[in-house]
Amino acid sequence: MTVQEVDSTKEKLNNNKPLRVQVLIIGSGAGGSTTANVLAEQGFEVVVLEEGERHTIADYGQSPTKAMNLLYRNRGIMPIMGSVPIGYVEGRTLGGSTEINSGFWHRLPPEFLMRWQARFNLTDFTQEALAEHFDWAEKILSVGLHPGPWPKSTEVFNRGVEAMQWSGQEVKRAASGCENNNTCSAGCPKGARQGVSLNLIPDAQAKGARFITGCKAKLLLKSRGKITGVLAEIHKPDSTSDLVRIDADHIFVCAGPTQTPGLLRKSGIKEHIGDTFQIHPMLKVSALFDEEINAQHSVMPLLQVKEFWPDISLGGSFFSVGHLALNLGDNWLANQNVIQDYKRMATYYVAVRGTGRGTVRTSPLGDGEPRLKYELSDVDIRHLSQGLARLSSLLLSAGAKQVYPCVQGLPQISSELDAVRWLDENLPRSLLSLTTVHAFSTCPIGEKVEHCAADSFGKIHGFENLYVNDASMLPDSPGINPQGTIMALARRNALHFADLHRGH
231 MTVQEVDSTK EKLNNNKPLR VQVLIIGSGA GGSTTANVLA EQGFEVVVLE EGERHTIADY
291 GQSPTKAMNL LYRNRGIMPI MGSVPIGYVE GRTLGGSTEI NSGFWHRLPP EFLMRWQARF
351 NLTDFTQEAL AEHFDWAEKI LSVGLHPGPW PKSTEVFNRG VEAMQWSGQE VKRAASGCEN
411 NNTCSAGCPK GARQGVSLNL IPDAQAKGAR FITGCKAKLL LKSRGKITGV LAEIHKPDST
471 SDLVRIDADH IFVCAGPTQT PGLLRKSGIK EHIGDTFQIH PMLKVSALFD EEINAQHSVM
531 PLLQVKEFWP DISLGGSFFS VGHLALNLGD NWLANQNVIQ DYKRMATYYV AVRGTGRGTV
591 RTSPLGDGEP RLKYELSDVD IRHLSQGLAR LSSLLLSAGA KQVYPCVQGL PQISSELDAV
651 RWLDENLPRS LLSLTTVHAF STCPIGEKVE HCAADSFGKI HGFENLYVND ASMLPDSPGI
711 NPQGTIMALA RRNALHFADL HRGH
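The sequence shown begins at 231 in my numbering and counts up one residue at a time.
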């Protein structure tokens, strides 16, 4: 499928000409691109709608402000409300969040496979059944370890891991050609970090799939237990837009953990939709060392500590001078002078699995963006507090002179005595500055209809031809970077669909 043929499809919609397709997929991220690739290969007529625009690697690697305008939803401003507001970001571009994430890759651990299978009554959900799907995704994305020497921010973190005698590991990434450009969050201008726009999407197009960008699904059209089509807003070259109808035999909603439930609920489909929003809450710290780290010129730290998994993970974050200023902003008057030492600093995080519960609801403002809410549980607070104690101890053991947590009013941590108090005490809930980049579980799959929005393979309960196949389907918080699990399940589900509907 050439770009010209894709553009002709968009032109047909712009001219209000009717379009009917066999399979319509909404969203082009990890789940949507996998679904499109598999079904196009299986001979289905596939059209994918993507709200964002098509960009090339020539557009990547710009300043954080430009990148957020270009590649992020709401320019990177997506607050999750609650007693502790949490900053959240996701991609809005062809390829979705795979274009702006770190590329860190995990397989879903066997423990979670068994727990999810038992709790949600998932069919064909074993390590053996999923292995081939992980293999497939890892081959396409060239998943592997960092190809060169570790950056200094990784070396000092590893020094702390060894000093504490904890279990740490270098995490594989979809970035086999990484050149330490430090631009993952702005898109990789070298094409080394493998967003799906570089592999799955062009491969799906070569197999016949059509990707229509600048096209936002607004409403699913229902009739007697079936979805007959979609109303979508398509943006025109003159900056105006048209509302168009696209009819389809089957519809996969793969718009991500916030937009998928938002669209379903807006369309009147609400049973167990958006009621179980989950995240990995993250608390960041900035560490100051005697030696130069130059984290602003290297890929983020490559190790994760799994000593306290699944409840707590420790690792490294993206670093720039602007991000450092933001992280120090909770106590700016006390800490502002330290920013001049940015070459000797790096940023790390505590991430917890998340045992609280949240919701996704349509906005009463009519702006089309869903409202996100999540309440940290007491267990989350306990784990964040313990995680801060352990991370600070690790960094001090690695040679850090001060550790600056993103907690309002909390002084820098300069000694292990300062750190270990949080093993027993709880951080003040109202003073935390938290973020997350992992969200899921808003349309959980499983055969327990009293808890799940869709069956084991993503078909929405009560509908003949409506499916979810993205992060929203994960039935619970996985405690790991979720992209691998999303892609493996999406391929499994798409092949199951193909087996049932091929030739129909």
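Backbone N, C-alpha and C define an ideal beta-carbon position, used for all residues, glycine too. What you are looking at is a predicted structure, and each value in this text was computed from that prediction instead of being measured.
Residue i vs residue j beta-carbon contact at 8 Å
| i | j | result |
| --- | --- | --- |
| A718 | L360 | yes |
| P511 | L664 | yes |
| L618 | L513 | yes |
| V633 | A517 | yes |
| R337 | F355 | no |
| G417 | D289 | yes |
| Q638 | T328 | no |
| G779 | A439 | Coverage of the chain is limited to positions 231 through 734, which leaves residue 779 absent and any answer about it impossible. |
| Q534 | G398 | yes |
| L375 | E409 | no |
| I476 | L249 | yes |
| G326 | G486 | yes |
| S332 | M575 | no |
| C636 | N567 | no |
| R423 | A405 | yes |
| G291 | N411 | yes |
| L352 | S686 | yes |
| Q616 | I542 | yes |
| F350 | G584 | no |
| I523 | K466 | no |
| E463 | S453 | no |
| N304 | E599 | yes |
| I255 | C484 | yes |
Spatially closest choice to residue i from the options, by CA coordinates
| i | options | result |
| --- | --- | --- |
| S547 | Y579, K448 and G586 | Y579 |
| W366 | T715, G688, C636 and H480 | T715 |
| I569 | V551, G584, A581 and G588 | V551 |
| P456 | L725, N695 and L653 | In the sequence as displayed, the identity of residue 456 is Lys instead of Pro. Closest by alpha carbon: N695. |
| S313 | D608, I690, G273 and V667 | D608 |
| Y697 | V391, K382, I710 and A728 | A728 |
| V391 | G559, S623 and C636 | S623 |
| E736 | I316, G325, G326 and S293 | Examination of residue 736 is not possible in this model, given that the chain is present from 231 through 734 alone. |
| N699 | T589, S645, L725 and G559 | L725 |
| G586 | L451, I509, E599 and N561 | I509 |
| F334 | G425, N723 and M394 | G425 |
| I307 | A684, I481, A720 and V667 | V667 |
| G571 | F519, S660, A462 and V276 | Residue identity check: residue 571 is Asp in the sequence provided, not Gly. Among F519, S660, A462 and V276, the Cα nearest to that of D571 is on F519. |
| P340 | K437, G709 and L730 | G709 |
| S644 | T384, S383, L626 and F482 | L626 |
| K437 | T265, L473, I464 and F538 | T265 |
| G498 | T592, S293 and E522 | T592 |
| L544 | F693, E463, W396 and Q357 | W396 |
| I690 | Q357, I464 and F482 | F482 |
| R389 | L661, N304, H502 and L621 | L621 |
| Q347 | H731, P705 and A720 | P705 |
| A393 | A701, A630 and N524 | A630 |
Neighbour-count burial assignment, residue i, 16 or more Cβ in a 10 Å radius
| i | result |
| --- | --- |
| K536 | buried |
| V233 | Interpretation of V233 is limited by its pLDDT of 38, a score under 50 that renders its predicted location unreliable; the figure taken from the coordinates is listed afterwards. So V233 counts as exposed. |
| D610 | buried |
| D654 | exposed |
| T295 | exposed |
| P594 | exposed |
| V236 | Note that V236 scores 47 on pLDDT, short of 50, meaning its location in the model is unreliable; the coordinates nonetheless yield the value given after this. By the 10 Å Cβ count, V236 comes out buried. |
| D468 | exposed |
| W562 | exposed |
| G504 | buried |
| N656 | exposed |
| G733 | exposed |
| A564 | exposed |
| R722 | buried |
| E521 | exposed |
| T488 | buried |
| T384 | buried |
| S660 | exposed |
| L730 | exposed |
Presumed contact (8 Å Cβ cut-off) between residue i and residue j, rounded CB distance
| i | j | result |
| --- | --- | --- |
| L324 | F441 | 7 Å |
| V373 | R403 | 7 Å |
| H553 | T589 | Not quite, the Cβ-Cβ distance comes to about 29 Å (not below 8 Å), so this is no contact. |
| H480 | Q252 | 7 Å |
| S528 | P381 | 3 Å |
| V603 | M311 | At residue 603 the sequence reads Lys, which differs from the Val that was named. Yes, K603 and M311 are in contact; Cβ-Cβ is about 5 Å, under 8 Å. |
Give a yes or no on contact between the segment 300 to 311 and the segment 246 to 265, applying the rule of three or more CB pairs nearer than 8 Å. no
Touching or not, the segment 484 to 495 and the segment 669 to 684, by the rule of three or more beta carbon pairs under 8 Å? yes
Do the segment 675 to 689 and the segment 308 to 328 touch if we need at least three Cβ pairs shorter than 8 Å? no
Inspect the CB distances between the segment 409 to 428 and the segment 281 to 296 and report whether three or more fall short of 8 Å. The segment 409 to 428, when compared against the segment 281 to 296, does touch it at the 8 Å Cβ threshold.
Would you check if there are 3 or more beta carbon pairs closer than 8 Å linking the segment 439 to 447 to the segment 269 to 284? yes
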